[in-house]
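Enquirer: For the record, the sequence lines run as chains S and C. Residue numbering for the first sequence is 759 to 1229, as defined by my numbering. Residue numbering for the second sequence is 10 to 104, as defined by my numbering. Beta carbons: idealized from backbone N, C-alpha and C, even for Gly. I'd like to ask some things about the structure below.
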Amino acid sequence: MTENTPDNSRQQSGDDIQPKLYAQCGKLYPRQVQGFFARLRVIGVLALLGLYYLVPWFSWGDRQAVLFDLPARKFYIFGLTFWPQDFIYLAFLLIIAALALFFFTTLAGRLWCGYACPQTVWTEVFLWIENLVEGDRSKQMKLDKAPMSWRKFYLKTSKHTLWVLFSLFTGFVFVGYFTPIYELWESTLAWTLGPWEAFWIFFYGLATYGNAGWLREKVCIYMCPYARFQSVMFDDDTLVIAYDEDRGDPRGSRKRNIDLKQAGLGDCINCTLCVQVCPTGIDIRDGLQYECIGCAACIDVCDDVMEKMNYEKGLICYTTENARQNKKEKILRLRVIVYAVVMFSMIAGLVYSISQRIPLELDIIRDRNALYRETDEGLVENVYTLKLINMDEVQHEYNLSATGIEGMELILNEKEIILKPGEIVSLVLQVRVDPVNLKNVSTGINFSLESKINPEIKTQRIGKFIGPVIK
Amino acid sequence: MGSDIPKVQKVIAIMWPSFLIAGVATILFFTAFDPVDFLVTTPFADMSRMGAYTVGFFLFWLLTTASSMLTCYFQRPCVFKGQQNNGNSISGHTA
Chain S
759 MTENTPDNSR QQSGDDIQPK LYAQCGKLYP RQVQGFFARL RVIGVLALLG LYYLVPWFSW
819 GDRQAVLFDL PARKFYIFGL TFWPQDFIYL AFLLIIAALA LFFFTTLAGR LWCGYACPQT
879 VWTEVFLWIE NLVEGDRSKQ MKLDKAPMSW RKFYLKTSKH TLWVLFSLFT GFVFVGYFTP
939 IYELWESTLA WTLGPWEAFW IFFYGLATYG NAGWLREKVC IYMCPYARFQ SVMFDDDTLV
999 IAYDEDRGDP RGSRKRNIDL KQAGLGDCIN CTLCVQVCPT GIDIRDGLQY ECIGCAACID
1059 VCDDVMEKMN YEKGLICYTT ENARQNKKEK ILRLRVIVYA VVMFSMIAGL VYSISQRIPL
1119 ELDIIRDRNA LYRETDEGLV ENVYTLKLIN MDEVQHEYNL SATGIEGMEL ILNEKEIILK
1179 PGEIVSLVLQ VRVDPVNLKN VSTGINFSLE SKINPEIKTQ RIGKFIGPVI K
Chain C
10 MGSDIPKVQK VIAIMWPSFL IAGVATILFF TAFDPVDFLV TTPFADMSRM GAYTVGFFLF
70 WLLTTASSML TCYFQRPCVF KGQQNNGNSI SGHTA
């Protein structure tokens, strides 16, 4: 991996001679690009942002289909309801996401960065807005250089107004994942938002505006941990974007259809378009660099130029280190297989354990104040507090039973145990035992709770019964 | 060399990792503890869960920011009394 040398590239944008058309520290003006990979990215942007903005509006039964109901401490994802007790699934999901990232990085490099990362996706939309208001790259650079005028003021204000509105709507949708979105919309229109909702709409809006409007490539360069460590997942068969030096160099401008050999030139006409379209402002011809997010904008624009020059496409292209050195390429290598196996077995495990999940929780807490009590009839009594949670979507009536000691008697104040969906109930349970049946001071008893309408919904917990042993 | 690092990177190096860890800490903490349960005996008993999560997140961020700042602070080269200042190890020392 070669580092971008500072000498020829850290210049302010858009001035003097050609290869210095971009800057690392000043503002970048990525030129809009059309082509195969740009279309892929547009599809990515539309699909991902479409999902983001639409999903919270869907309903499932009489509730929001996807709602992370933090105030009620419940997550709804279509037909599933998750409780804080299900935290393990979130951990699983994060591990799977990390493995997927490793897998795709090893296989195809920074696919995530170029097509799916929220930073890329939202920046793309902000660039569209910028183009819509201020015009293309050269118009934007001219406008920024020009002194303040009514026209400049008008254009800048319009751009920022659009950005802010879009950001606020993004923040609104974000909060809509945590509070019912239709009610949120109504209270937004009626100007009666709660303080915390309002705060998060502005906070997330501000983050969107700052990251996609101002920071842009700096997020990838300075903030993104993935950008820093992704190279360790690369090997010689990973897809990267590269410039073909052997074919392109020596670079230089030329007239069309001249004899390249005679002129002593390679295929690169040094138009620097690849640099102008780069959202992180690097020159891909300097080799693979850590700033490259793999967006393939330079491929699209260079292919266009090659076509116009009647040269073969692919001077800049997706390739692998092995392909460049004419070595044998291998897609299925050990690390790809290991990532895939671990990832798919974790997905299978997650799906299986969610499908086998029993939507019922039982906790048993022994009364700590008294070890045991003797009743008038000479029985030994222990008192327990049972905590029941019905995590199902429907109401259930449950049967409580216990095994472990002969002739146990369970006494509940309630005649029947009925829990509404999502209800949490605490019950006091007295267990009475004839001391003759006690073999030990402490005996384990197995409580089990079973739904009357669906016997598959049952759970068991072990509690301790303490009492005197009669010798 | 501290002075070669752009200012934006310095700010990000403190604010951003602390933000990420504060997010993780908030999730872990509030998964284990329900704010309604532990705020009930405090003057903040009326605070909604949403409010408690928000305040909790920013408190965590404050703590992790302090930690990040200390890390950055102690990363500066040490210059002891009597040690020659060769002008280049100290360049990161301008606060």
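Quick one: list the residues of chain S neighbouring residue 23 of chain C, beta-carbon separation under 8 Å, in chain order.
Expert: Indexing the second sequence from 1 puts residue 23 of chain C at position 14. The premise fails here: residue 23 of chain C is roughly 12 Å from chain S at the closest Cβ pair, so nothing lies under 8 Å.
Enquirer: Look at the alpha carbon of residue 30 of chain C and the alpha carbon of residue 1128 of chain S, and state the distance between them as a whole number of angstroms.
Expert: Along the second sequence, one-based indexing puts residue 30 of chain C at 21. Along the first sequence, one-based indexing puts residue 1128 of chain S at 370. For residue 30 of chain C and residue 1128 of chain S, the distance between alpha carbons rounds to 44 Å.
Enquirer: Determine the burial state of residue 1133 of chain S: buried for a count of at least 16 other Cβ atoms within 10 Å of its Cβ, exposed for fewer.
Expert: If you number the first sequence from 1, residue 1133 of chain S lands on position 375. Counting Cβ neighbours within 10 Å, residue 1133 of chain S comes out exposed, since fewer than 16 surround it.
Enquirer: Could you tell me whether the Cβ of residue 976 of chain S comes closer than 8 Å to any Cβ of chain C?
Expert: Stepping through the first sequence from its first residue, residue 976 of chain S is reached at position 218. With 8 Å as the cut-off, residue 976 of chain S counts as an interface residue toward chain C.
Enquirer: Based on Cα-Cα distance, which residue from S:1228, S:1172 and S:891 lies nearest to residue 1197 of chain S?
Expert: Against the first sequence, residue 1197 of chain S aligns to sequence position 439. Nearest of S:1228, S:1172 and S:891 to residue 1197 of chain S, Cα basis: S:1228.
Enquirer: What are the uninterrupted segments assigned as alpha helix (DSSP H) that are 4 or more residues long and contained completely in the stretch 855-942 of chain S, given in chain order?
Expert: 876-892, 895-903 and 908-934
Enquirer: Relative to the C-alpha of residue 785 of chain S, which candidate in S:1125, S:1187, S:1037 and S:913 has its C-alpha closest?
Expert: Sequence index remark: in the first sequence, residue 785 of chain S carries index 27 (1-based). Ranking the options by Cα distance to residue 785 of chain S, first place goes to S:1037.
Enquirer: Is any beta-carbon of chain S found at less than 8 Å from that of residue 60 of chain C?
Expert: Here residue 60 of chain C is taken as the residue at index 51 of the second sequence, counted from 1. Yes, contact with chain S.
Enquirer: Please compile the residues from chain S whose C-beta is within a distance smaller than 7 Å of the C-beta of residue 49 of chain C.
Expert: Looking up residue 49 of chain C in the second sequence gives position 40. Simply none; closest approach about 15 Å.
Enquirer: Do residue 1240 of chain S and residue 1058 of chain S have their CB atoms nearer than 8 Å?
Expert: Chain S is shown only over 759 to 1229; residue 1240 of chain S falls outside these bounds and no answer can be derived.
Enquirer: Grouping DSSP H, G and I as helix and E and B as strand, with all else coil, what is residue 945 of chain S?
Expert: Counting from one through the first sequence, the residue named residue 945 of chain S turns up at place 187. Helix, per DSSP.
Enquirer: Roughly how many whole angstroms lie between the Cα atoms of residue 37 of chain C and residue 833 of chain S?
Expert: Within the second sequence, the letter at position 28 stands for residue 37 of chain C. Within the first sequence, the letter at position 75 stands for residue 833 of chain S. Roughly 15 Å separates the two Cα atoms.
Enquirer: Taking the beta carbon of residue 958 of chain S as the centre, do at least 16 other beta carbons fall within 10 Å, making it buried, or is it exposed?
Expert: Walking along the first sequence from the start, residue 958 of chain S turns up at place 200. Result: buried.
Enquirer: Locate the alpha helix (DSSP H) running through residue 66 of chain C, then write down its first and last residues.
Expert: Here the question's residue 66 of chain C lines up with position 57 in the second sequence. Unbroken alpha helix (DSSP H) run through residue 66 of chain C: 58-84.
Enquirer: Any beta carbon from chain C within less than 8 Å of residue 930 of chain S's own beta carbon?
Expert: Here residue 930 of chain S is taken as the residue at index 172 of the first sequence, counted from 1. No, no contact with chain C.
Enquirer: Taking 8 Å as the limit between beta carbons, can you name the residues of its chain near residue 1226 of chain S, skipping five residues before and five after?
Expert: As a first step, residue 1226 of chain S is located in the first sequence; it is residue number 468 there, counting from the start. Within the same chain, residue 1226 of chain S has close Cβ partners 1130, 1138, 1193, 1196 and 1199.
Enquirer: Would you say residue 981 of chain S reaches chain C, if we count a Cβ-Cβ gap shorter than 8 Å as a contact?
Expert: Along the first sequence, read from residue 1 onward, the residue named residue 981 of chain S stands at position 223. Cβ-Cβ to chain C under 8 Å: yes for residue 981 of chain S.
Enquirer: If you run the structure through DSSP and keep just helix, strand and coil, what is residue 990 of chain S?
Expert: Position 232 of the first sequence, counted from the start, is the residue given in the question as residue 990 of chain S. If DSSP states are grouped into helix, strand and coil, residue 990 of chain S belongs with the helices.
Enquirer: Assuming residue 754 of chain S and residue 1205 of chain S are in contact, meaning their beta carbons sit under 8 Å apart, how far apart are those beta carbons, in whole angstroms?
Expert: Outside the displayed range of chain S (759 to 1229) lies residue 754 of chain S, so it cannot be described from this structure.
Enquirer: So which residues on chain C does residue 831 of chain S lean against when the C-beta distance must stay under 8 Å?
Expert: The residue labelled residue 831 of chain S in the question sits at position 73 within the first sequence. Chain C residues near residue 831 of chain S: 43 and 58.
Enquirer: Would you please verify whether the beta carbon of residue 769 of chain S is less than 8 Å from any beta carbon of chain C?
Expert: Locating residue 769 of chain S in the first sequence gives position 11, where the first residue counts as 1. Residue placement at residue 769 of chain S is poorly supported in this model, since its pLDDT is 39, which falls under 50; the coordinates still yield a value, given next. It does not; no Cβ of chain C falls within 8 Å.
Enquirer: Looking at chain C, is there any beta carbon in it that lies within less than 8 Å of the beta carbon of residue 954 of chain S?
Expert: As a working mapping, residue 954 of chain S is identified with position 196 in the first sequence. At least one chain C Cβ lies under 8 Å of residue 954 of chain S.
Enquirer: Would you decide whether residue 1110 of chain S is buried or exposed? Buried here means 16 or more other CB atoms lie within 10 Å of its CB.
Expert: Walking along the first sequence from the start, residue 1110 of chain S turns up at place 352. By the 10 Å Cβ count, residue 1110 of chain S comes out exposed.
Enquirer: Can you list the residues of chain C that residue 814 of chain S reaches, using a CB-CB cut of under 7 Å?
Expert: As a first step, residue 814 of chain S is located in the first sequence; it is residue number 56 there, counting from the start. Going along chain C, no residue has its Cβ under 7 Å from residue 814 of chain S, so there is no contact; the nearest lies around 16 Å.
Enquirer: Per the contact definition of three or more C-beta pairs closer than 8 Å, is the stretch 1077-1092 of chain S in contact with the stretch 812-827 of chain S?
Expert: Touching, no.
Enquirer: For the alpha helix (DSSP H) holding residue 827 of chain S, just list the boundary residues, first then last.
Expert: In the first sequence, counting from the first residue as 1, residue 827 of chain S sits at position 69. Where residue 827 of chain S is concerned, there is no enclosing alpha helix (DSSP H), although the beta strand (DSSP E) it sits in stretches over 824-827.
Enquirer: For a contact defined as C-beta to C-beta under 7 Å, what are the partners of residue 842 of chain S on chain C?
Expert: Sequence index remark: in the first sequence, residue 842 of chain S carries index 84 (1-based). Ordered by position in chain C, the residues that pass the 7 Å Cβ test against residue 842 of chain S are 40.
Enquirer: Once the 5 residues before and after residue 1101 of chain S are set aside, which same chain residues still bring their CB inside 7 Å of it?
Expert: Mapped onto the first sequence, residue 1101 of chain S falls at position 343. Taken in chain order, the residues that qualify are 854, 857, 858 and 861.
Enquirer: Could you please give me the residues that DSSP links to residue 1075 of chain S through a beta bridge?
Expert: Locating residue 1075 of chain S in the first sequence gives position 317, where the first residue counts as 1. According to DSSP, which records beta bridges pairwise, residue 1075 of chain S is partnered with S:1000.
Enquirer: Which residues in the same chain have their Cβ closer than 8 Å to the Cβ of residue 44 of chain C, if we skip the five residues on either side of it in sequence?
Expert: On the second sequence, residue 44 of chain C is found 35 positions in, with the first residue counted as 1. Cβ-Cβ distances below 8 Å link residue 44 of chain C to 56, 58, 61, 62 and 65 in the same chain, with the five nearest sequence neighbours on each side left out; the list follows chain order.
Enquirer: Could you tell me which residues DSSP pairs with residue 790 of chain S in its beta bridges?
Expert: Stepping through the first sequence from its first residue, residue 790 of chain S is reached at position 32. Its beta-bridge partners do not exist; DSSP assigns none.
Enquirer: With 8 Å as the threshold, decide whether the Cβ of residue 88 of chain C is near any Cβ in chain S.
Expert: Stepping through the second sequence from its first residue, residue 88 of chain C is reached at position 79. Chain S, which has no Cβ nearer than 8 Å to the Cβ of residue 88 of chain C, makes this no.
Enquirer: Could you check which residue in S:933, S:1112, S:927 and S:816 has the C-alpha nearest to that of residue 851 of chain S?
Expert: For the purposes of this step, residue 851 of chain S is taken as residue 93 along the first sequence, with counting starting at 1. Nearest option by C-alpha distance: S:1112.
Enquirer: Apart from the five residues on each side of it in sequence, which residues of its chain come closer than 8 Å, Cβ to Cβ, to residue 1125 of chain S?
Expert: Counting from 1 along the first sequence, the entry for residue 1125 of chain S is found at position 367. Excluding residues within five positions, the ones whose Cβ falls inside 8 Å are 1140, 1141, 1142 and 1143.
Enquirer: Given a cut-off of 8 Å, decide if residue 1035 of chain S and residue 1050 of chain S are closer than it, judged by their beta-carbon atoms.
Expert: Numbered from 1 along the first sequence, position 292 holds the residue referred to as residue 1050 of chain S. Numbered from 1 along the first sequence, position 277 holds the residue referred to as residue 1035 of chain S. Contact: no.
Enquirer: Go ahead and pull the three-state DSSP assignment for residue 102 of chain C.
Expert: The residue given as residue 102 of chain C occupies position 93 in the second sequence. For residue 102 of chain C, the predicted structure reports a pLDDT of 45, less than 50, and the residue's modelled location is therefore unreliable. A value from the coordinates is still provided. Three-state DSSP puts residue 102 of chain C in a helix.
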